[in-house]
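In this note's numbering, the protein residues as written are 314 to 586. The structure under discussion appears below in the form of structure tokens.
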């Protein structure tokens with residue numbers, strides 16, 4: 314067929330859109346369902362009467378904070394270096410690292426690691442208090458001792474900068490948490506430095522998340538990750554209800570479940586596969 318004589322080309326010349334190719338159903342003897350993350354909604358939700366699952370929710374995601382306008386204007390994109398974070402009411406160890414201040418809240422490795430207790434608190438009360446330790450390598454008593462060396466002409470900010478080496482973002486976070494009423498007492502100030510309260514009002518949406526929580530519950534699959542209610546269908550990755558920190562942990566778990574599901578499928582198909 315000569316150039317320009319293809320039916321699709323002729324339809325374009327006449328101003329008509331090309332006809333869509335017919336969709337043919339894909340038939341497979343067995344299938345593996347896998348997902349790395351759900352970034353956006355694709356059409357209508359699929360009805361899944363053959364398994365129980367938990368709703369997909371954002372994991373490894375930034376948290377929302379209602380900063381004041383002054384704070385938003387000055388500090389988005391500024392890191393809080395070498396801090397330790399805990400969720401109030403959570404008994405687990407602090408999450409240490411660098412957190413990033415954003416226009417809408419806070420994010421970063423130590424924030425993502427607290428995803429489960431933060432979500433639990435948000436589900437229970439609609440809010441969660443994140444406690445930021447700005448000097449995790451010093452005890453409250455050590456901080457108090459340093460703060461006792463305040464000079465008569467020191468302002469609160471210069472006092473904290475000189476004695477504790479706090480940077481502008483850390484100082485601003487303390488001002489933000491106390492609505493501008495920083496304490497003068499060394500012990501009270503040390504206690505604040507060790508646990509600056511930040512009120513979390515929610516998480517960023519799922520399309521901003523690095524990964525997801527929720528999915529098919531473990532009770533719905535066997536040791537080969539095959540769905541009990543749909544023999545021959547296997548699941549892996551974030552189709553399953555699990556979550557892990559970002560980086561190698563998240564990737565390794567996805568790879569490992571993929572291997573288990575693939576081996577389970579080969580065993581199900583038998584030696585002739």
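Each residue gets a CB set at the ideal place from its N, CA and C atoms; glycine is no exception. No experiment lies behind these values; they were computed from the predicted model shown.
### Cutoff 6 Å; reference residue 435; Cβ partners in own chain excluding five residues on either side
Once the five neighbours on either side are set aside, the close Cβ partners of residue 435 are 441.
### Task
Answer with buried or exposed for residue 547, where buried requires no fewer than 16 other C-beta atoms within 10 angstroms of its C-beta.
By the C-beta density criterion, residue 547 is buried, having at least 16 other C-beta atoms within 10 angstroms.
### Query
Would the stretch 513-524 and the stretch 469-481 be scored as touching if the rule is three or more Cβ pairs under 8 Å?
No, because fewer than three Cβ pairs between the stretch 513-524 and the stretch 469-481 fall closer than 8 Å, the two stretches do not touch.
### Query
If you check the beta carbons only, do residue 551 and residue 571 fall under 9 Å apart?
Contact: no.
### Supposed close pair residue 377, residue 515 - CB separation, criterion 8 Å
Cβ-Cβ separation between residue 377 and residue 515: approximately 4 Å, consistent with a contact (criterion under 8 Å).
### Query
Which residue spans inside the stretch 544-579 form an unbroken alpha helix (DSSP H) run of at least 4?
Taking only runs of at least 4 residues, no alpha helix (DSSP H) segment lies wholly in the stretch 544-579.
### Message
Just verifying my parser: in three-state terms, what is the DSSP assignment at residue 509?
### Response
For residue 509, the secondary structure class from DSSP, reduced to helix, strand or coil, is strand.
#### Entry: Beta-carbon spacing of residue 427, residue 413 below 9 Å
No, the pair does not count as a contact, with Cβ atoms beyond the cut-off.
### Task
Starting from the C-beta of residue 446, find all residues in its chain whose C-beta is less than 7 Å away, skip the five residues before and the five after it, and write them out in chain order.
Result list for residue 446: 396, 397, 407, 507, 508, in chain order.
### Task
Counting only runs of 3+ residues fully inside the stretch 411-459, write out the beta strand (DSSP E) ranges in chain order.
Correct list: 418-420, 441-446.
### Query
Since residue 374 contacts residue 517 with CB under 8 Å, what's their CB separation in whole angstroms?
Beta-carbon to beta-carbon, residue 374 and residue 517 are separated by about 5 Å, close enough to satisfy the 8 Å threshold.
### Query
When DSSP builds the beta bridges, which residues end up paired with residue 400?
Partner(s): 443.
### Counterpart residues of residue 528 in DSSP-defined beta bridges
For residue 528, which the question treats as bridged, DSSP gives the partners 367.
### Query
Are the CB atoms of residue 490 and residue 510 nearer to each other than 9 Å?
With respect to the 9 Å criterion, residue 490 and residue 510 are classified as neighbours on the basis of their beta carbons.
### Query
By Cβ distance, which residues of its chain are closer than 7 Å to residue 577, with the 5 residues on each side in sequence left out?
Cβ neighbours of residue 577 beyond the five flanking positions: 537, 538, 539, 547.
### Task
For residue 562, count neighbouring Cβ atoms within 10 angstroms of its own Cβ and tell me buried if that reaches 16, exposed if not.
With fewer than 16 other Cβ atoms within 10 Å, it is exposed.
### Query
Looking at residue 443 and residue 399, is the spacing between their C-beta atoms short of 9 Å?
Residue 399 is a Cβ neighbour of residue 443, given a cutoff of 9 Å.
### Message
Does any residue of chain D have a CB that is nearer than 9 Å to the CB of residue 542?
### Response
The chain labelled as chain D is not found in the depicted structure, where only one protein chain is given.
### Those runs of the alpha helix (DSSP H) which lie wholly inside the stretch 462-516 and span at least 4 residues
Correct list: 469-477, 481-491, 499-507.
### Query
Alpha carbon to alpha carbon, how far is residue 471 from residue 465?
So the two alpha carbons sit approximately 11 Å from each other.
#### Entry: Range covered by the alpha helix (DSSP H) that runs through residue 383
That run of the alpha helix (DSSP H) goes 382-387.
### Query
Taking the alpha-carbon positions, what's the residue 574 to residue 367 distance?
Residue 574 and residue 367: Cα-Cα distance of roughly 20 Å.
### Query
Do you know how far the Cα of residue 545 is from the Cα of residue 419?
Going from the Cα of residue 419 to the Cα of residue 545 covers about 43 Å.
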